[in-house]
Amino acid sequence: MKKLTEMYVICTNKLENLIRNERGSQTLEWIGIAAVVVIAVGLISTAFGDDKEFGKKVLQKFTKFIDQIG
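Written out as structure tokens, the structure is:
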């Protein structure tokens, strides 16, 4: 019975460590932010393809926003 209890404790500890492991989550968040920015810029450039000045202003704002983040 003691051996079974030891194995249970070891397995429980390993499972808790896997659940608490947050490595890589920040990277995924940055990838998500980058994907949203790329999609937004693509949509804006498609919608306002003829108006070059508006697209440049929006791109400058996004660039400034990204520089402020990180």
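Residue numbers (this note's numbering): 132 to 201. Glycine included, C-beta positions come from ideal geometry on N, C-alpha and C.
Whose C-alpha, out of the options, is nearest the C-alpha of residue i?
i: I197; options: T136, E147, W161 and N148; result: W161
i: I200; options: V189, A178 and I164; result: I164
Quick test of your reading: residue i and residue j, contact by CB under 8 Å. State the CB separation rounded to the nearest angstrom.
i: V172; j: F193; result: 6 Å
If we call anything under 8 Å between Cβ atoms a contact, is residue i one with residue j?
i: G186; j: I170; result: no
Going by DSSP, what residue range makes up the alpha helix (DSSP H) through residue i?
i: F196; result: K183 to I200
i: E160; result: S156 to A178
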